[in-house]
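>
Residue numbers (full-length UniProt numbering): 1 to 243.
1) How big is the Cα-Cα spacing for residue 23 and residue 103?
2) For residue 170, which of helix, strand or coil comes out of DSSP?
3) Could you compute how far the alpha carbon of residue 99 sits from the alpha carbon of residue 222?
4) Is residue 164 helix, strand or coil by DSSP?
5) Inspect the beta-carbon positions of residue 10 and residue 36 and report whether they are closer than 8 angstroms.
6) Tell me the residue span of the beta strand (DSSP E) that contains residue 36.
7) With DSSP as the reference, label residue 230 as helix, strand or coil.
8) On a CA-only basis, which of 85, 197 and 59 is nearest residue 119? Give me that one, please.
9) Helix, strand or coil for residue 215? Go by DSSP, reduced to three states.
10) Residue 176 to residue 229, Cα distance in whole Å?
11) With which residues is residue 147 paired in a DSSP beta bridge?
12) Less than 8 angstroms between the C-beta atoms of residue 85 and residue 53, yes or no?
13) Within 10 Å of its beta-carbon, does residue 142 have 16 or more other beta-carbons around it, so buried, or fewer, so exposed?
14) Short of 7 angstroms in beta carbon distance, which residues of its chain neighbour residue 210, apart from the five on each side in sequence? Order them along the chain.
15) Are the stretch 60-76 and the stretch 25-40 touching by the rule of at least three beta carbon pairs closer than 8 angstroms?
16) Could you round the C-beta distance between residue 117 and residue 76 to whole angstroms and report it? I think they count as a contact, below 8 angstroms.
17) Is it right to say residue 231 is buried, meaning 16 or more other beta carbons lie within 10 angstroms of its own, or is it exposed?
18) The beta strand (DSSP E) spanning residue 236 covers which residue range?
19) Per DSSP, what are the beta-bridge partners of residue 254 in this structure?
20) On the DSSP bridge list, what partners appear for residue 53?
21) How is residue 76 classed by DSSP in three states: helix, strand or coil?
22) Find the nearest neighbour of residue 64 within the set 101, 111, 12 and 73, judged by alpha-carbon distance.
23) Helix, strand or coil for residue 129 per DSSP?
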């Protein structure tokens with residue numbers, strides 16, 4: 001058993017056996033865990049208790065996971081980890097588009113779930129991994145960039161467009177910062193995935209592509225004909241310094 005962690009995890013899952021086993025495993029690894037089985041009640045609990053991280057099942061009574069995520073995201077800044085029982089790209093993409101930070105498919109492997117939770121908590125809590133993503137190329141110590149009307153501050157983990165604050169999730173900021181700090185260089189999906197997640201890319205995960213599509217309009221990029229974050233066919237993504 002690891003040392004006690006003060007992080008509070010909310011598991012929203014209507015499968016009582018799975019919820020109990022997951023709760024036991026996470027608590028044995030030092031986390032504080034609450035379980036809620038009803039989607040509508042989970043919404044109120046998230047708003048009231050503000051857990052450090054939410055593990056959210058897709059299929060729930062009352063309100064499904066996508067609805068819960070959509071309703072709480074505007075007022076909840078913590079990470080949301082979506083669980084889906086179907087290995088379906090559409091479920092995963094919809095979850096990410098609703099504001100989820102990551103997803104795990106069922107059957108849940110406890111070690112994988114714990115690793116994903118810890119990675120999300122480190123980013124959200126401003127740990128070293130969040131402040132300085134694993135470098136893809138040797139990077140300077142610079143924590144502040146200006147690209148015309150786009151400003152990024154990694155110290156404050158904030159971004160501005162035309163002097164207006166940009167609403168980015170923690171995962172979106174990490175991805176944008178990684179691309180910007182490697183401006184002018186094409187980063188492959190493998191490099192991005194490994195840098196941000198710390199695990200090997202399986203060739204199927206679409207979370208990077210979904211986050212890129214969410215980031216583009218937020219930084220004033222044209223989603224159809226992007227000039228700031230370009231897709232380089234068969235290679236990856238390129239952040240353009242002078243867009």
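The beta carbon of each residue, even a glycine, is placed where N, CA and C say it ideally should be.
A quick note: this is a predicted structure, and the numbers were derived from the prediction, not measured.
According to the data block:
1) As a first step, residue 23 must be located in the chain shown, where it is residue number 23. As a first step, residue 103 must be located in the chain shown, where it is residue number 103. Straight-line Cα distance between these residues: approximately 18 angstroms.
2) Counting from one through the chain shown, the residue named residue 170 turns up at place 170. Three-state DSSP puts residue 170 in a helix.
3) For the purposes of this step, residue 99 is taken as residue 99 along the chain shown, with counting starting at 1. For the purposes of this step, residue 222 is taken as residue 222 along the chain shown, with counting starting at 1. Spanning the two alpha carbons is a distance of roughly 21 angstroms.
4) Against the chain shown, residue 164 aligns to sequence position 164. DSSP places residue 164 in strand when its eight states are reduced to three.
5) Taking the chain shown and counting its residues from 1, the one referred to as residue 10 is at position 10. Taking the chain shown and counting its residues from 1, the one referred to as residue 36 is at position 36. Contact: yes.
6) To locate residue 36, count along the chain shown from 1; it is residue 36. Here the beta strand (DSSP E) through residue 36 covers 32-36.
7) Taking the chain shown and counting its residues from 1, the one referred to as residue 230 is at position 230. Correct three-state label for residue 230: strand.
8) As a working note, residue 119 is residue 119 in the chain shown. Checked all of 85, 197 and 59; the closest Cα to residue 119 is 197.
9) In the chain shown, the residue the question calls residue 215 occupies position 215. Helix.
10) On the chain shown, residue 176 is found 176 positions in, with the first residue counted as 1. On the chain shown, residue 229 is found 229 positions in, with the first residue counted as 1. Spanning the two alpha carbons is a distance of roughly 9 angstroms.
11) Working through the chain shown from its first residue, we reach residue 147 at position 147. Residue 147 pairs with 150.
12) Translated into positions along the chain shown, residue 85 becomes position 85. Translated into positions along the chain shown, residue 53 becomes position 53. No, the Cβ-Cβ distance between residue 85 and residue 53 is not below 8 angstroms.
13) Locating residue 142 in the chain shown gives position 142, counting from the first residue. The residue is exposed, with fewer than 16 neighbouring Cβ atoms inside 10 Å.
14) To locate residue 210, count along the chain shown from 1; it is residue 210. Cβ within range, chain order: 93, 96 and 97.
15) yes
16) Position 117 of the chain shown, counted from the start, is the residue given in the question as residue 117. Position 76 of the chain shown, counted from the start, is the residue given in the question as residue 76. Not confirmed; about 16 angstroms, so no contact.
17) Here residue 231 is taken as the residue at index 231 of the chain shown, counted from 1. Exposed, since its Cβ has fewer than 16 Cβ neighbours within 10 Å.
18) Position 236 of the chain shown, counting from 1, holds the residue named residue 236. 236-239 is the span of the beta strand (DSSP E), which, as asked, contains residue 236.
19) It is not possible to answer for residue 254, since the shown part of the chain is limited to 1 through 243.
20) Position 53 of the chain shown, counted from the start, is the residue given in the question as residue 53. In DSSP, residue 53 forms a bridge with 9.
21) In the chain shown, residue 76 corresponds to position 76, counting from 1. Reduced to three states, the DSSP call for residue 76 is coil.
22) Position 64 of the chain shown holds residue 64. When each option's Cα is compared against that of residue 64, the closest is 12.
23) Here the question's residue 129 lines up with position 129 in the chain shown. Any reading at residue 129 needs caution, since the residue's pLDDT is 43, under 50, leaving its predicted position unreliable; the model's value is listed next. In the structure shown, residue 129 sits in a helix (DSSP, three-state: H, G or I).
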